[in-house]
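Going by our numbering, the sequence shown opens with residue 423, and the numbers climb by one from there.
Using N, Cα and C, we set each Cβ at its ideal position, and we do this for glycine too.
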Amino acid sequence: MAKASADSPAVLRGRHDFPEISGRIGSIVLNGRLPRHFWTAFFLCFLLVLLLLYSITYLIAVGVGAYGIDIPVAWGTMISNFVWWIGIGHAGTLISAVLLLLRQPWRASINRFAEAMTLFAVAMAGLFPILHLGRPWFFYWLLPLPNVHMHWPQWRSPLVWDFAAIATYATVSLLFWYMGLLPDLAVLRDRARSRPAQLFYGILALGWRGSAYHWSRYTIVYFLLAALATPLVVSVHSIVSLDFTFAITPGYHSTIFPPYFVAGALLSGFAMVLTIAIPLRWAFSVQDLITPRHMDNAAKLMIAAGMVVAYGYVSEAFFAWYSGEPYERAMMAQRALGPYSPLFWTMLSLNCGVLQLLWFRRIRRNMPLLFAIAIAINIGMWIERYIIVVTGPSRDYLPTSWGEQSLTWLDFGILFGSIGTFFALVFLFIRILPAITIFEVEELAEEEGKVR
């Protein structure tokens, strides 16, 4: 295998042996080899978890009007948060499943926490449609249970589509994630010194012994799950976009939404991967396992997805003008010049302007700057979701009913509470399970000739 040039850094740095790789990664979990500020950061996230619980309690007690929705803007930050979170979960599936099928070696060091990120993001996303129902304790009405409430759900309702999409995506992602964990769980079982840890990881490992028979069955099932998960990258967010496309509301009724939403999901998802990966590689001193090559490739995929998103912005504006529909033209003019114009131009600056910095190799390999760009793009993508959800209904076909949404403390409480809960789950995952795939890194070291 040819050595990586300066323009194409190696996927792994240095030379390793298998016990050293498994020992370094496993010690984070088994020995509690955590950085100094780990628990401080977790405590701050836990405070946001308490904020989320308080906000949800207040919302249920007072009603959905407490978070600022009103007629004509009946969809507010709840649906914006839902679309944003479900999009963030897409990068984990892409890294894990699609890159596995394409035999891309650089996925090995980042796929594990990307898969976990998918599960936590989908969990956050599934929370918001339920809260938006107004009576969340009746969420089971969305299920096809004719023998319970004597009729089928309203299949024309986007809530039913979202339930099916989230349930399918979460189930396949969980199976794929757990299947990939089995060999590493066996490593932790064999390396654990305390009896409770041996029992815990031994039960989770499902009797994995690493025999040729196990590896044969594992490889077949792992690739089948990857092939099953790959269409979900496109289908799930396409279904979410149909929540808007099927409406005749100005700004919603657009055939470009499915590919536009999928590209935006990949952009925000890879931005979140970088947001997690950059502090992770620094905090646990694994720069030789998560190298600039990983960051560079993720940034390149962000450029590809971001340019599709930029094309969607241009197409949306062009076809609003080309259609000759006065309400579509008025809606686009209101986005650029109306009450939401500061958010609109901020969105364009972050998602299109800041994105262009990633064309430069030095910036893609400058970790602090890349981290700041990832956070900026995630902020821009949330603003984009909010603008899509709110601006159409606020300028509907009846000018006498036009109005804007007023954001309340509850909107921000639930949003930041969900972000804190997401990162709290990431911290717990890092503490309990290996955040880097042990066996795939060992395979990659052998393939790259990095084994000493």
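**Prompt:** Skipping 5 residues on each side, what residues in its chain have a beta carbon closer than 6 angstroms to that of G511?
**Reply:** T540, A543 and V544
**Prompt:** Can you round the beta-carbon distance between F464 and F849 to whole angstroms, since I take them to be within the 8 angstroms contact cut?
**Reply:** 4 angstroms
**Message:** Starting from D833, trace the alpha helix (DSSP H) in both directions and tell me its first and last residue.
**Reply:** W831 to I854
**Asked** Would you report the Cα separation of A426 and A432, rounded to the nearest angstrom?
**Response** For A426, the predicted structure reports a pLDDT of 47, less than 50, and the residue's modelled location is therefore unreliable. A value from the coordinates is still provided. Cα to Cα, the separation comes out at about 5 angstroms.
**Asked** Counting pairs of Cβ atoms below 8 angstroms between the segment 764 to 781 and the segment 736 to 753, do you hit three or more?
**Response** no
**Three-state secondary structure assigned by DSSP to H459** = coil
**Message:** Please state the DSSP three-state secondary structure of Y674.
**Reply:** coil
**Residue environment, Y562, which counts as buried when at least 16 other CB atoms sit within 10 Å** = exposed
**Message:** Using 8 angstroms as the threshold, is the C-beta distance between Y623 and L604 below it?
**Reply:** no
**Proximal residues to L866 (C-beta, below 7 angstroms), its chain only, five neighbours per side dropped** = V433, L434, P527 and A530
**Item:** Rounded straight-line distance, which links the Cα of P457 to that of I532
**Value:** 19 angstroms
**Message:** Assuming the contact rule is C-beta atoms closer than 8 angstroms, Y591 and V656 should be a hit. Round their C-beta distance to whole Å, please.
**Reply:** Actually they do not touch by this definition, with Cβ atoms about 11 angstroms apart.
**Request:** Can you give me the Cβ contacts of I721 inside the same chain, cut-off strictly under 6 angstroms, excluding the 5 residues immediately before and after it?
**Result:** One point to set straight first is that residue 721 is Ala, not Ile, in the sequence displayed. Once the five neighbours on either side are set aside, the close Cβ partners of A721 are L780 and R786.
**4 or more residues per run - each alpha helix (DSSP H) lying fully within the segment 649 to 720** = 679 to 705
**Message:** Here's the rule: buried if 16 or more other CB atoms are within 10 angstroms of the residue's CB, otherwise exposed. What is L673?
**Reply:** One point to set straight first is that residue 673 is Gly, not Leu, in the sequence displayed. So G673 ends up on the buried side.
**Prompt:** What first and last residue would you give for the alpha helix (DSSP H) that runs through L626?
**Reply:** R617 to A627
**Other residues of its chain near I700: CB distance less than 6 angstroms, five sequence neighbours each side excluded** = M789 and F793
**Message:** Check for me: the alpha helix (DSSP H) holding L452 runs from which residue to which?
**Reply:** F440 to L452
**Prompt:** Quick one: is H716 buried, meaning 16 or more other Cβ sit within 10 Å of its Cβ, or exposed?
**Reply:** buried
**Prompt:** So what does DSSP say about F465, is it helix, strand or coil?
**Reply:** helix
**Request:** Report the option in T515, G728, L820 and I836 whose CA atom is closest to the CA atom of E806.
**Result:** G728
**Prompt:** Quick one: what does DSSP say R495 is sitting in, helix, strand or coil?
**Reply:** The sequence given here has Val at residue 495, not Arg. Three-state result, V495: coil.
**Prompt:** Would you report the Cα separation of S502 and D665, rounded to the nearest angstrom?
**Reply:** 12 angstroms
**Prompt:** Which two residues bound the contiguous alpha helix (DSSP H) that contains A756?
**Reply:** The sequence shown places Gln at residue 756, rather than the Ala named in the question. Per DSSP, Q756 belongs to the alpha helix (DSSP H) from P748 to L759.
**Prompt:** What is the rounded straight-line gap between the Cα of L777 and the Cα of F844?
**Reply:** 25 angstroms
**Prompt:** If you check the beta carbons only, do T641 and V520 fall under 8 angstroms apart?
**Reply:** no
**Asked** Could you give the distance in angstroms between the alpha-carbon of A627 and the alpha-carbon of L607?
**Response** 5 angstroms
**Request:** Would you verify that the beta carbon of A545 is, or is not, closer than 8 angstroms to some beta carbon of chain C?
**Result:** Among the chains of the structure shown, chain C does not appear; only one protein chain is present.
**Prompt:** Given 8 angstroms as the limit, is there contact between the segment 548 to 557 and the segment 584 to 602, that is, 3 or more CB pairs closer than that?
**Reply:** yes
**Three-state class that DSSP yields for G490 in the structure shown** = coil
**Request:** Could you pull out every residue in the same chain whose Cβ sits closer than 7 angstroms to the Cβ of A739, ignoring the five residues on either side in sequence?
**Result:** M754
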